[in-house]
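Read the structure below first, then the notes.
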């Protein structure tokens with residue numbers, strides 16, 4: 001008989017009969033569960049990566065694990081031990097699954113209060129296991145030293161092997177890594193030294209299915225029930241609207257996903273196919289709206305959900321860098337958690353000798369927290385996406401969309417004030433901000449009804465121009481002007497007056513011949529050299545320009561994209577290099593180059609660089625008023 005794909009978490013006895021396993025670890029688990037379920041409250045432990053991880057409420061990024069517990073009553077405890085950047089291999093190497101008996105072990109982590117899952121898991125508990133994003137070795141190989149796990153070569157039937165791994169000294173790095181990423185060897189050695197004296201390396205022999213099996217065997221040895229979960233889908237579309245498979249998308253033809261499904265069959269292990277669920281969710285949203293299920297970069301962008309997200313997403317001048325292809329936002333993660341719960345609800349109990357623990361009776365069909373979608377998603381598509389969740393009530397009835405007629409009235413009120421003048425610009429600026437805020441709350445379906453939105457933008461520009469015209473003459477100006485700079489490659493730190501350019505081996509900053517022009521304060525400037533900043537700026541390490549400010553000031557940056565797309569520079573402070581203070585657009589034109597300014601409120605040290613792609617900088621101007 002062909003095994004069906006189990007969507008329940010807990011029809012274990014029927015599974016045992018189905019497979020005819022008379023003395024397997026699963027049978028021991030059932031026995032222990034039935035003995036303890038009358039007196040103990042089961043805990044669900046989540047082992048996984050950033051797509052499962054719990055993030056701060058104020059961040060727009062989310063993992064499905066942070067909403068999973070909202071679908072259970074108080075008798076079920078969910079402990080989310082997932083952490084970003086982890087694979088099946090590194091999660092074990094770091095001691096997150098089970099304790100490492102090594103006195104020199106120095107890795108510390110905060111999830112589950114720094115405790116491993118082994119410290120707390122007991123008979124009757126459950127271990128959900130979802131990895132794949134960081135295991136996938138079809139992506140760039142620079143995480144080979146601590147993340148990636150090979151699939152191995154499939155047999156004639158397409159079955160991936162379960163090949164054991166053997167620990168090696170932490171002084172060992174894969175030869176391919178040392179050859180291809182020589183500049184990163186020192187950092188890699190420092191990182192893996194935290195594992196203690198030995199670890200599982202990429203070339204230790206262990207395959208993806210073998211590492212996953214360690215979690216299954218571990219859970220069963222503790223009398224707990226393992227549940228394999230396929231990795232969630234990434235956003236990459238074919239021309240026909242289906243999700244594209246391929247390298248970096250969990251392997252060629254979703255190979256890592258298929259390996260999880262295979263292992264579930266081979267080990268008689270319960271399976272939740274979240275890849276299939278999220279693939280359906282993203283394809284239902286279509287390419288037009290799938291991005292509004294995703295997080296935006298930088299992932300530490302904070303604000304009120306969804307209005308803050310909508311404001312940031314809808315106004316690139318405020319400065320997010322790109323839409324994520326991997327991590328979901330609050331709404332996308334919430335839907336994924338709901339889909340996982342629906343998979344659990346297929347069967348509802350675990351029984352042994354008449355003793356049952358009814359799992360489904362502890363699921364809340366109306367979760368304790370509901371998450372609203374972005375107003376940037378069409379209401380009709382929200383209905384379609386919500387419709388994928390059949391048995392749970394997940395619709396957030398608190399969502400209130402602004403009336404487009406009210407926005408029109410607000411804009412007409414601005415126009416009635418007349419032209420922007422030095423006497424009324426502050427009042428009109430406030431009215432513009434009120435109208436803009438109301439417009440952002442209008443659903444995308446209704447936005448076309450705001451037919452005079454262009455008028456709002458016209459007044460916003462007029463207010464901005466008035467503020468600029470009223471700005472006093474700068475009392476002091478500090479300038480980094482690249483004209484006359486010597487052509488060179490900077491691989492360390494180099495001072496240029498009040499500014500410092502920082503590069504590193506493998507992440508150099510180049511000063512090159514490059515002709516451009518720009519206008520500033522009514523004067524045209526020409527340059528024949530520029531600073532070429534590559535992407536992947538590591539603030540505090542390489543590929544950035546740093547400077548100090550003495551107090552409140554205006555920073556102006558003249559920049560050009562080194563490609564055919566518009567790009568942005570980020571300005572961050574030394575106090576928090578993850579938080580964006582301001583962004584500066586880099587146009588695709590060399591002449592005139594983009595000139596953008598931002599007001600900085602506080603004295604301090606500031607870094608400017610590109611997190612993603614190459615950008616030319618021709619001038620940085622600091623003005624004090």
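Numbering (the working numbering), first residue to last: 1 to 625.
By construction, the Cβ of each residue, glycine as well, lies at the ideal position given by its N, Cα and C atoms.
Quick caveat: nothing in here was measured; it's all calculated off a predicted structure.
Rounded straight-line distance, which links the Cα of residue j to that of residue i
{"i": "residue 274", "j": "residue 92", "result": "23 Å"}
{"i": "residue 514", "j": "residue 567", "result": "18 Å"}
{"i": "residue 396", "j": "residue 247", "result": "37 Å"}
{"i": "residue 542", "j": "residue 613", "result": "14 Å"}
{"i": "residue 499", "j": "residue 480", "result": "7 Å"}
{"i": "residue 405", "j": "residue 114", "result": "53 Å"}
{"i": "residue 343", "j": "residue 535", "result": "41 Å"}
{"i": "residue 172", "j": "residue 194", "result": "13 Å"}
{"i": "residue 473", "j": "residue 434", "result": "30 Å"}
{"i": "residue 621", "j": "residue 554", "result": "8 Å"}
{"i": "residue 628", "j": "residue 282", "result": "Only positions 1 to 625 of the chain appear in this structure, which leaves residue 628 out of reach."}
{"i": "residue 219", "j": "residue 238", "result": "39 Å"}
{"i": "residue 496", "j": "residue 444", "result": "48 Å"}
{"i": "residue 451", "j": "residue 412", "result": "11 Å"}
{"i": "residue 270", "j": "residue 135", "result": "21 Å"}
{"i": "residue 602", "j": "residue 286", "result": "44 Å"}
{"i": "residue 394", "j": "residue 249", "result": "29 Å"}
{"i": "residue 354", "j": "residue 130", "result": "Here the model assigns residue 354 a pLDDT of 45, short of 50, so the residue's position is not dependable, and the following value carries that caveat. Computed Cα separation, rounded: 32 Å."}
{"i": "residue 350", "j": "residue 359", "result": "Because residue 350 carries a pLDDT of 44, less than 50, the predicted location of this residue cannot be relied on, and the following value inherits that uncertainty. Between residue 350 and residue 359, the C-alpha separation is close to 8 Å."}
{"i": "residue 368", "j": "residue 469", "result": "52 Å"}
{"i": "residue 187", "j": "residue 110", "result": "22 Å"}
Under the three-state DSSP convention, the category residue i falls into
{"i": "residue 359", "result": "coil"}
{"i": "residue 617", "result": "strand"}
{"i": "residue 595", "result": "strand"}
{"i": "residue 394", "result": "coil"}
{"i": "residue 351", "result": "For residue 351, the predicted model reports a pLDDT of 40, less than 50, meaning its position is unreliable and no value from the coordinates is stated."}
{"i": "residue 533", "result": "strand"}
{"i": "residue 114", "result": "helix"}
{"i": "residue 88", "result": "helix"}
{"i": "residue 553", "result": "strand"}
{"i": "residue 214", "result": "helix"}
{"i": "residue 587", "result": "strand"}
{"i": "residue 254", "result": "coil"}
{"i": "residue 294", "result": "strand"}
{"i": "residue 237", "result": "strand"}
{"i": "residue 230", "result": "coil"}
{"i": "residue 385", "result": "helix"}
{"i": "residue 576", "result": "strand"}
Nonlocal neighbours in the same chain, by C-beta distance under 6 Å from residue i, ignoring five residues either side
{"i": "residue 202", "result": "144, 148, 174"}
{"i": "residue 161", "result": "152, 207"}
{"i": "residue 582", "result": "571, 598"}
{"i": "residue 373", "result": "331, 382"}
{"i": "residue 23", "result": "Confidence at residue 23 is low in this model, with a pLDDT of 28, below 50, so the placement of that residue should be treated as unreliable; the coordinate-derived value is given next. So no residue of the chain qualifies."}
{"i": "residue 484", "result": "none"}
{"i": "residue 482", "result": "527, 529, 530, 531, 618"}
{"i": "residue 209", "result": "160, 162, 259, 263"}
Closer than 8 Å: residue i CB and nearest the ligand ZN heavy atom
{"i": "residue 462", "result": "The model depicted lacks the ligand ZN and carries no ligand whatsoever."}
Cβ-based neighbour list, residue i, same chain, cut-off 7 Å, excluding 5 preceding and 5 following
{"i": "residue 200", "result": "89, 92, 93, 165, 167, 206"}
{"i": "residue 116", "result": "95, 96, 97, 98, 99"}
{"i": "residue 62", "result": "55, 328, 329, 330, 333"}
{"i": "residue 449", "result": "404"}
{"i": "residue 65", "result": "46, 48, 52, 53, 54, 80, 82"}
{"i": "residue 323", "result": "291, 294, 296"}
{"i": "residue 300", "result": "59, 578, 579"}
DSSP beta-bridge partners of residue i
{"i": "residue 456", "result": "Paired residue(s): none; residue 456 is not in a bridge."}
{"i": "residue 80", "result": "46"}
{"i": "residue 520", "result": "523"}
{"i": "residue 198", "result": "169"}
{"i": "residue 542", "result": "538"}
{"i": "residue 500", "result": "495, 546"}
{"i": "residue 609", "result": "570"}
{"i": "residue 513", "result": "529"}
{"i": "residue 489", "result": "510"}
{"i": "residue 127", "result": "45, 226"}
{"i": "residue 433", "result": "Bridge partners of residue 433: none, in fact."}
Cutoff 8 Å; reference residue i; Cβ partners in own chain excluding five residues on either side
{"i": "residue 197", "result": "102, 104, 169, 170"}
{"i": "residue 191", "result": "145, 146"}
{"i": "residue 611", "result": "297, 298, 321, 535, 536, 537, 570"}
CB contact below 9 Å: residue i versus chain D
{"i": "residue 180", "result": "The chain inventory of the structure shown lacks chain D, comprising one protein chain alone."}
Review point. Quick check: the region 377 to 385 against the region 249 to 269, are there 3 or more CB pairs under 8 Å?
Key: no
Review point. Quick one: any contact between the region 410 to 425 and the region 450 to 469, if contact means 3 or more CB pairs under 8 Å?
Key: yes
Point to revise | the region 358 to 373 in contact with the region 65 to 77 per 3-pair CB rule at 8 Å | key: yes
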